[in-house]
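Engineer: Here it is: the structure, laid out below.
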Amino acid sequence: MPVEVILPKVDMDMSHGTLATWHVAEGDLVKQGAALFDIETDKAAMEVEAPASGHLHHILAKPGDKVPVGAVIAWLYAEGEAVGAPPGLPAPPSLPGVAEPVAAQPDAVKPAAVAQPVVASRPEDMPATGLRATPAARKSAREAGIALAQVPGTGPLGRILRADVAGFLHSQSAEPAPRASGWTPEPGPLHVSRRGGAGIPLLLIHGFTADSQSWAPLEKALGPRRPLIRMDLPGHGKSPKRRIGSFAELARMMVEAFDEATRDVAQVHVIGHSLGGALALALADIRARRVASLSLLAPAGLGPEIDATALQGITRATRPESLAPWLRRLTATPDAISDDYARAAMAARRDPALRAAQGDMAQALFADGVQTFDLRAALARLDLPAQILWGRQDHILPQRHALAADGEFAIHLLAGAGHVPQIECPDRVARIIMRQVSAVEAPA
């Protein structure tokens with residue numbers, strides 16, 4: 003008998019999910035536990051694994067469809083198993099805009115009508131016109147009544163993502179704030195840099211208003227042997243500026259960049275700091291099979307409190323003298339940030355458009371002085387080696403967020419460190435990270 007593929011419930015209050023993409027095409031063979039499809043909810047995105055090995059047939063939901071929890075969306079047939087008409091199934095609960103299988107006819111004399119399968123073709127984002135866009139992006143554009151040709155694509159090979167459509171709509175809105183911010187979204191992929199070495203790579207995701215160069219003290223402490231993959235957030239470092247309407251949009255961009263950057267890598271050890279820590283956690287939640295271990299340094303997303311005033315001060319500062327007081331909030335003691343350090347930091351932030359783009363991102367992610375996203379549920383469901391490192395003198399995010407969180411992970415509280423332990427005590431942070439890495443890679 004074929005095995006049903008159903009849309010699972012991944013959140014307690016989830017009633018339906020949006021099928022984001024299929025990783026397997028109609029008729030393809032998939033192994034049990036391999037990535038089968040991605041779903042998106044109001045709170046998160048997640049990769050769903052195949053419940054059994056077999057050939058995928060009778061796909062009932064296409065990318066962009068909203069599907070009720072528990073609905074059958076395809077079947078898996080064992081090798082050599084005969085494939086006939088789709089097995090009959092009851093109609094799922096009705097939801098607005100939800101694709102439903104065709105109900106069986108009541109007349110017993112006539113053969114029962116069945117749901118018509120959707121044939122997944124490759125590539126699903128490339129129609130005859132040559133314009134690359136994900137199905138979710140096409141659906142969003144249709145609903146908004148805009149032509150996709152107007153939207154700059156930021157995905158691989160210029161592919162248009164749903165976040166690109168959302169960003170375009172935001173930039174075209176009549177709200178005065180975006181027009182006054184004085185910057186324009188830029189096309190192109192997020193910047194990724196690498197360092198060679200041997201072993202499973204370490205993937206580094208920096209925090210808000212930082213860039214990949216901020217990892218330099220930790221990289222030195224880690225030593226030169228391990229390969230590194232560094233990702234710059236949108237509007238940071240060498241990445242293009244993008245409008246960010248929500249944490250979910252930002253997470254989707256990072257997952258796209260991660261998939262492209264690790265195309266030839268089976269697994270990575272992920273290290274994230276602050277906002278980068280929240281994104282690292284989201285990445286581990288969505289791409290759990292690709293993450294060998296997770297190290298979070300003062301991660302955002304584990305409670306509402308944050309020193310948003312300091313973040314706004316950093317984004318608004320136009321001179322070293324006005325930037326230095328806010329930078330000194332990042333460390334355990336103010337004298338850790340010298341005037342020369344502040345001048346160098348300001349030189350990297352002299353572009354008004356960069357400051358404006360980061361200011362708009364702060365408004366979206368830390369509106370009204372609080373964190374607008376909550377990843378505690380994602381942390382609680384982690385099923386991989388994970389640890390949190392937090393400075394006891396952190397003035398930006400309180401360490402109690404880690405102590406109050408639920409889940410199976412180690413906590414390291416670092417005396418004499420503030421919000422940037424990778425800069426304040428890099429040797430200690432490197433030792434803690436590499437202990438976990440070594441334990442994961444040790445022979446069974």
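For the numbering used here, add 2 to where a residue sits in the sequence shown, where the first one is 1.
Glycine residues also receive a C-beta, built at the ideal position from the N, C-alpha and C atoms.
Just verifying my parser: in three-state terms, what is the DSSP assignment at R321?
Structural biologist: In the structure shown, R321 sits in coil (DSSP, three-state: anything other than H, G, I, E or B).
Engineer: Could you check if M256 is buried or exposed, using at least 16 other CB atoms within 10 Å of its CB as the buried criterion?
Structural biologist: Looking at its Cβ environment, which holds 16 or more other Cβ atoms inside 10 Å, M256 is buried.
Engineer: Using 8 Å as the threshold, is the C-beta distance between L21 and I75 below it?
Structural biologist: Contact flag set, yes.
Engineer: Tell me which residues share the same chain as W328 and place their Cβ nearer than 7 Å to its Cβ, disregarding the 5 neighbours each side in the sequence.
Structural biologist: Around W328: A312, G315, I316, A319.
Engineer: DSSP has R162 in a bridge; who is on the other side?
Structural biologist: First, the amino acid is wrong: residue 162 is Ile here, not Arg. Answer by DSSP bridge pairing, in chain order: A135.
Engineer: Out of V267, H271, S295, state which residue places its alpha-carbon closest to the alpha-carbon of A388.
Structural biologist: With distances taken between Cα atoms, A388 lies closest to S295.
Engineer: Do H397 and H421 have their C-beta atoms within less than 8 Å of each other?
Structural biologist: Going by C-beta atoms, H397 is nearer than 8 Å to H421.
Engineer: I need the boundaries of the beta strand (DSSP E) containing Q360, first residue and last residue.
Structural biologist: Here Q360 belongs to no beta strand (DSSP E); instead the alpha helix (DSSP H) covers 354 to 367.
Engineer: When the Cα of A334 is compared with those of A310, R394, P306, L283, which residue comes out closest?
Structural biologist: Taking only the C-alpha atoms, the option nearest A334 is R394.
Engineer: What three-state label does DSSP hand S142 in the structure shown?
Structural biologist: Looking at S142 - three-state DSSP - the assignment turns out to be helix.
Engineer: What are the partner residues of D40, as DSSP defines its beta bridges?
Structural biologist: Answer is T23, E49.
Engineer: Rounded to whole angstroms, what is the Cα-Cα separation between Q360 and R351?
Structural biologist: Looking at the two C-alpha atoms, the distance is approximately 10 Å.
Engineer: Quick check for students: name the residue ranges of the beta strand (DSSP E) that lie wholly in the stretch 355 to 434, counting only runs of 3 or more.
Structural biologist: Counting only runs of 3 or more, we get 388 to 393, 412 to 416.
Engineer: Would the stretch 259 to 269 and the stretch 353 to 369 be scored as touching if the rule is three or more Cβ pairs under 8 Å?
Structural biologist: In short, these stretches do not touch, since the Cβ pair count stays below three.
Engineer: Would you tell me roughly how many angstroms separate the C-alpha atoms of V111 and H18, rounded to the nearest one?
Structural biologist: Reliability of the predicted coordinates at V111 is poor, the pLDDT of 39 falling under 50, and no value is obtained from them.
Engineer: If you run the structure through DSSP and keep just helix, strand and coil, what is L58?
Structural biologist: Three-state result, L58: strand.
Engineer: Which of the three DSSP states is assigned to I273 in this structure?
Structural biologist: The answer is strand: DSSP assigns I273 an E or B state.
Engineer: On a CA-only basis, which of A212, L384, E81 is nearest Q410? Give me that one, please.
Structural biologist: Inspection of the sequence shows that residue 410 is occupied by Glu rather than by Gln. Comparing Cα-Cα distances from E410 to each of A212, L384, E81, the minimum goes to L384.
Engineer: Using the Cβ count rule (16 or more neighbours within 10 Å means buried), how would you classify M48?
Structural biologist: Result: buried.
Engineer: Below 8 Å, how does it come out for the stretch 209 to 228 and the stretch 245 to 254: are there three or more Cβ pairs, yes or no?
Structural biologist: No, the stretch 209 to 228 is not in contact with the stretch 245 to 254.
Engineer: Excluding the five sequence neighbours on either side, which residues of its own chain have a C-beta within less than 7 Å of the C-beta of A432, listed in chain order?
Structural biologist: Cβ neighbours of A432 beyond the five flanking positions: L220, A223, L224.
Engineer: In three-state terms, what does DSSP make of M233?
Structural biologist: In this structure, M233 counts as strand in the three-state DSSP scheme.
Engineer: In the structure shown, what three-state DSSP assignment does V267 receive?
Structural biologist: Correct three-state label for V267: coil.
Engineer: Work out the CA separation of Y79 and M3 for me, nearest whole Å.
Structural biologist: If I take the Cα positions, the gap works out to 7 Å.
Engineer: Terminal residues of the continuous alpha helix (DSSP H) containing Q221?
Structural biologist: It is Glu, not Gln, that sits at residue 221 in the sequence shown. Counting along the chain, the alpha helix (DSSP H) containing E221 begins and ends at 218 to 224.
Engineer: If you draw a straight line from the alpha carbon of L377 to that of A284, how long is it in whole angstroms?
Structural biologist: About 7 Å.
Engineer: Quick check: what's the CA-CA separation for D234 versus V194?
Structural biologist: Each residue's alpha carbon lies about 6 Å from the other.
Engineer: What residue does the beta strand (DSSP E) around R196 start on, and which one ends it?
Structural biologist: Where R196 is concerned, the enclosing beta strand (DSSP E) stretches over 194 to 197.
Engineer: Looking only at its chain, what residues have a beta carbon closer than 8 Å to the beta carbon of V372, apart from the 5 residues adjacent to it on each side?
Structural biologist: For V372, where only same-chain residues beyond five positions count, the Cβ hits under 8 Å are P306, E307, I308, A310.
Engineer: Roughly how many angstroms lie between the CA atoms of P191 and G90, to the nearest whole one?
Structural biologist: Going from the Cα of P191 to the Cα of G90 covers about 44 Å.
Engineer: Thinking C-beta only, is V293 closer than 8 Å to A300?
Structural biologist: Against a cut-off of 8 Å, the Cβ pair of V293 and A300 comes out as no contact.
Engineer: Ends of the alpha helix (DSSP H) at A338?
Structural biologist: Element bounds for A338: n/a, residue is neither H nor E.
Engineer: One question on the structure: do G274 and I202 come within less than 8 Å of each other, judged by their Cβ atoms?
Structural biologist: Not closer than 8 Å, so no.
Engineer: Taking R437 and L416 to be in contact with their CB atoms under 8 Å, please state how far apart those CB atoms are, rounded to whole angstroms.
Structural biologist: That pair is no contact at about 14 Å.
Engineer: Relative to the C-alpha of G29, which residue among I288, H60, A165, F260 is closest?
Structural biologist: Checked all of I288, H60, A165, F260; the closest Cα to G29 is H60.
Engineer: What three-state label does DSSP hand I8 in the structure shown?
Structural biologist: In this structure, I8 counts as strand in the three-state DSSP scheme.
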